[in-house]
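Below is one structure, written out as structure tokens, with a few remarks after it.
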Amino acid sequence: MAGLALAGGATLTGALITTLMFYLRRQRNKREMQLQSTRRAQCILNADNSGKSAKIFTVKDITKATNNFSKGNLLGAGGFGEVFKGTLDDGSITAIKRAKPGNTRGIDQILNEVRILCQVNHRSLVRLLGCCVELPEPLLVYEYVPNGTLFEHLHKTNSAKWISLGWHSRLRIAHQTAEGLNYLHNAAIPRIYHRDIKSSNILLDDNLDAKVSDFGLSRLAVNEASHITTCAQGTLGYLDPEYYVNFQLTDKSDVYSFGVVLLELLTSKKAIDFNREEEDVNLVVLIKRAMKEGRFMDAVDPMLKNGASRVELESMKAFGSLAVACLDDRRQNRPSMKDVANEIEYIIGIVSDFRNKAAEV
Numbered sequence: 438m439a440g441l442a443l444a445g446g447a448t449l450t451g452a453l454i455t456t457l458m459f460y461l462r463r464q465r466n467k468r469e470m471q472l473q474s475t476r477r478a479q480c481i482l483n484a485d486n487s488g489k490s491a492k493i494f495t496v497k498d499i500t501k502a503t504n505n506f507s508k509g510n511l512l513g514a515g516g517f518g519e520v521f522k523g524t525l526d527d528g529s530i531t532a533i534k535r536a537k538p539g540n541t542r543g544i545d546q547i548l549n550e551v552r553i554l555c556q557v558n559h560r561s562l563v564r565l566l567g568c569c570v571e572l573p574e575p576l577l578v579y580e581y582v583p584n585g586t587l588f589e590h591l592h593k594t595n596s597a598k599w600i601s602l603g604w605h606s607r608l609r610i611a612h613q614t615a616e617g618l619n620y621l622h623n624a625a626i627p628r629i630y631h632r633d634i635k636s637s638n639i640l641l642d643d644n645l646d647a648k649v650s651d652f653g654l655s656r657l658a659v660n661e662a663s664h665i666t667t668c669a670q671g672t673l674g675y676l677d678p679e680y681y682v683n684f685q686l687t688d689k690s691d692v693y694s695f696g697v698v699l700l701e702l703l704t705s706k707k708a709i710d711f712n713r714e715e716e717d718v719n720l721v722v723l724i725k726r727a728m729k730e731g732r733f734m735d736a737v738d739p740m741l742k743n744g745a746s747r748v749e750l751e752s753m754k755a756f757g758s759l760a761v762a763c764l765d766d767r768r769q770n771r772p773s774m775k776d777v778a779n780e781i782e783y784i785i786g787i788v789s790d791f792r793n794k795a796a797e798v
């Protein structure tokens with residue numbers, strides 16, 4: 438009996454030691470991951486072309502601003518993590534993004550956003566105010582854009598919270614978004630490819646001014662190469678088919694995605710909707726077929742067409758033609774974002790001139 442007791446005690450002791458070693462190893466790995474994330478974030482912020490406008494916040498700052506990440510302050514959640522509304526000591530309202538604990542991919546995307554947003558400054562791009570790197574998961578602090586996303590305004594029309602967007606507002610939103618993307622492609626140094634343009638990544642402020650957000654998948658074009666070879670990532674319904682096939686990311690990949698957004702603005706239909714007929718699930722397929730059959734205007738949002746002038750109806754046709762040009766299967770046939778922005782500006786000018794002349798009568 439004594440031998441059995443000793444054997445049992447030894448087995449128990451061995452199990453306890455194994456458990457303790459496993460716990461200590463896991464804690465050490467956790468600390469190493471935290472240190473690695475902190476070092477990476479600090480390197481990004483201290484780089485020569487980064488961190489010029491980003492502030493370092495403490496955990497105390499963040500927990501106070503969000504009321505300890507209260508669910509009442511939760512603005513949204515996704516695969517990467519959560520976004521909370523925060524109020525800083527000076528009264529500024531912010532949006533604070535936190536990656537899911539242990540989500541390495543989410544942490545990488547957040548650090549990528551720091552790297553990208555520290556290098557850009559444009560009125561149509563969401564502004565990064567700073568970050569916190571004290572926790573294993575870095576936290577990003579953005580300007581708060583209070584009026585939801587373009588997706589919500591276009592597709593959640595049954596909610597009283599989202600106002601119906603008129604044609605002129607939609608043109609302005611399209612133009613502002615195009616200007617922001619044109620800045621990324623042609624003015625930012627190095628050039629930036631967003632890689633996830635969609636209506637839910639276009640935020641609207643109180644004046645319905647657009648701000649492009651979510652740079653977690655974005656890539657820097659660090660040289661004069663015509664493309665970046667990378668695993669195809671993005672969102673179903675918006676993804677450039679050529680990029681999906683050959684893994685070559687270019688500025689024209691963003692142009693394709695933006696073309697889908699233009700169709701959403703024109704039709705108020707979702708990019709992918711399984712409630713539609715099987716052949717119409719994909720909005721791009723639906724519109725291209727409608728154009729081929731000469732019934733494109735049937736797909737335009739009836740709210741936009743009702744009471745529209747001849748000039749406004751013609752502007753919708755021109756807008757649709759531009760969208761389809763952005764969606765050409767061959768990227769070399771697509772316009773640049775600069776050309777897209779200029780064309781939308783031209784359409785706005787025609788509509789505005791007509792309205793001004795009509796008001797004078």
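Heads up: the sequence shown is residues 438 to 798, going by the numbering used here.
Glycine is no exception: its CB is placed at the ideal position from the N, C-alpha and C atoms.
VAL557 versus ASP776: straight-line alpha-carbon distance, rounded
Going from the Cα of VAL557 to the Cα of ASP776 covers about 21 angstroms.
Could you check whether the region 752-765 touches the region 776-788, counting it as contact only if at least three pairs of C-beta atoms, one from each stretch, sit closer than 8 angstroms?
Taking 8 angstroms as the limit for Cβ pairs, the verdict is that the region 776-788 does touch the region 752-765.
How about ILE724 and VAL718: are their beta carbons less than 8 angstroms apart?
Their beta carbons are not under 8 angstroms apart, which means ILE724 does not touch VAL718 by this criterion.
Measure from the alpha carbon of PHE494 to the alpha carbon of each residue in GLY528, ARG462, ILE533, VAL520, then state which is nearest.
Nearest option by C-alpha distance: ILE533.
Are the CB atoms of ILE634 and TYR675 within a distance shorter than 8 angstroms?
Judged by beta-carbon spacing, ILE634 lies within the 8 angstroms limit of TYR675, meaning their Cβ atoms are closer than that value.
Give me, in chain order, the residues of the same chain whose beta-carbon lies closer than 6 angstroms to that of GLU571; leave out the 5 immediate sequence neighbours on both sides.
Counting only Cβ-Cβ distances below 6 angstroms, and skipping sequence neighbours, we find VAL496.
Report, in whole angstroms, the separation of the C-beta atoms of ILE787 and VAL748, which I expect to be a contact under 8 angstroms.
About 7 angstroms separates the beta carbon of ILE787 from that of VAL748, a gap short enough to meet the 8 angstroms contact definition.
Under a three-way DSSP split, which group does ASN619 fall into?
In the three-state reduction of the DSSP assignment, ASN619 falls in the helix class.
What ranges does the alpha helix (DSSP H) occupy inside the region 489-556, keeping only unbroken runs of at least 4 residues that lie completely in it?
Whole alpha helix (DSSP H) segments, 4+ residues: 496-502, 541-554.
Reduced DSSP secondary structure (H/G/I, E/B, other) of VAL802:
Only positions 438 to 798 of the chain appear in this structure, which leaves residue 802 out of reach.
Does the beta-carbon of PRO739 have 16 or more other beta-carbons within 10 angstroms, so that it is buried, or is it exposed?
Per the 10 Å Cβ criterion, exposed.
Assuming ASP643 contacts PRO583 under a Cβ cut-off of 8 angstroms, what Cβ separation, rounded to an integer in Å, is found between them?
In this structure, ASP643 and PRO583 form a Cβ contact; the two beta carbons are roughly 6 angstroms apart against a cut-off of 8 angstroms.
To the nearest angstrom, how far is the alpha carbon of ASP485 from that of PHE521?
With a pLDDT of 45 at ASP485, under the threshold of 50, the modelled position of this residue cannot be trusted; read the value that follows with caution. Near 30 angstroms, if we compare the C-alpha coordinates of PHE521 and ASP485.
I need the DSSP call for ALA611, collapsed to helix, strand or coil.
Helix.
CB-CB length for LEU645 against ILE610, believed under 8 angstroms
About 7 angstroms; that satisfies the 8 angstroms criterion.
ALA536 beta carbon less than 8 angstroms from that of GLY518:
Taking 8 angstroms as the cut-off, the beta carbon of GLY518 is found closer than this to the beta carbon of ALA536.
Got a sec, what are the start and stop residues for the beta strand (DSSP E) LYS707 sits in?
Counted as a single uninterrupted DSSP element, the stretch harbouring LYS707 is not any beta strand (DSSP E), since DSSP gives it neither H nor E.
Distance CB(ARG564)-CB(LYS689) smaller than 8 angstroms
Contact: no.
Using the Cα positions of ASN712 and GLY528, report the straight-line distance between them to the nearest angstrom.
Rounded to the nearest angstrom, the two C-alpha atoms are 44 angstroms apart.
Are the CB atoms of LEU750 and GLY696 nearer to each other than 8 angstroms?
Contact flag unset, no.
The beta strand (DSSP E) that contains GLY567, what's its start and end?
Its beta strand (DSSP E) spans residues 565-569.
Assigned secondary structure, GLU782 (DSSP; H/G/I helix, E/B strand, else coil):
Here GLU782 carries a helix assignment [DSSP, helix/strand/coil].
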